[in-house]
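Here is the structure we will look at.
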Amino acid sequence: MPRVVHFEIPADDPERATEFYRKVFGWEIEKWEGPFDYWLVNTGEESEPGINGAIMSRGINGIVKNAVAVDSVDEYINKIEAAGGKMSMEKSEIPGVGIIAEFKDTEGNISIILEPADR
Numbered sequence: 011m012p013r014v015v016h017f018e019i020p021a022d023d024p025e026r027a028t029e030f031y032r033k034v035f036g037w038e039i040e041k042w043e044g045p046f047d048y049w050l051v052n053t054g055e056e057s058e059p060g061i062n063g064a065i066m067s068r069g070i071n072g073i074v075k076n077a078v079a080v081d082s083v084d085e086y087i088n089k090i091e092a093a094g095g096k097m098s099m100e101k102s103e104i105p106g107v108g109i110i111a112e113f114k115d116t117e118g119n120i121s122i123i124l125e126p127a128d129r
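Using my numbering, the letters of the sequence shown correspond one by one to residues 11 to 129.
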């Protein structure tokens, strides 16, 4: 069953936001070495319940997004559309991470589907 595996927090000033979350929750946050500004967030020990995420520059939507891991982005694009959702970003590949696509559910909430590269 697909699970939420990642979150993204948008920020006007990502470095200020990373400092806030470090101070408040003690999260470990490191700048990603990928092709765009993205700070990876480790929220705790792997043995504890919860997920990790990222802080990024505020984009067009500027909302918190969850990423759901799936076996096939193409399969889930079809399922999303059949259930009344709409794709809001074409699928694309992030080298070393996987294939992603963004969608709106029937209530207008935006989330991401992720087909991890290691599957």
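Ideal Cβ placement from N, Cα and C applies to all residues, glycine included.
| Asked | Found |
| --- | --- |
| Identified DSSP bridge partners for Lys75 | Glu18 |
| Exposure of Val80, with buried meaning 16 or more beta-carbon neighbours within 10 Å | buried |
| Same chain, Cβ closer than 8 Å to Gly60, five either side skipped, listed in chain order | Thr53, Gly54 |
| Distance, Val83 Cα to Ala21 Cα | 27 Å |
| Check whether Lys114 and Ile120 have beta carbons under 9 Å apart | yes |
| N- and C-terminal bounds of the alpha helix (DSSP H) containing Glu100 | Segment 96 to 104 is the beta strand (DSSP E) holding Glu100; no alpha helix (DSSP H) there. |
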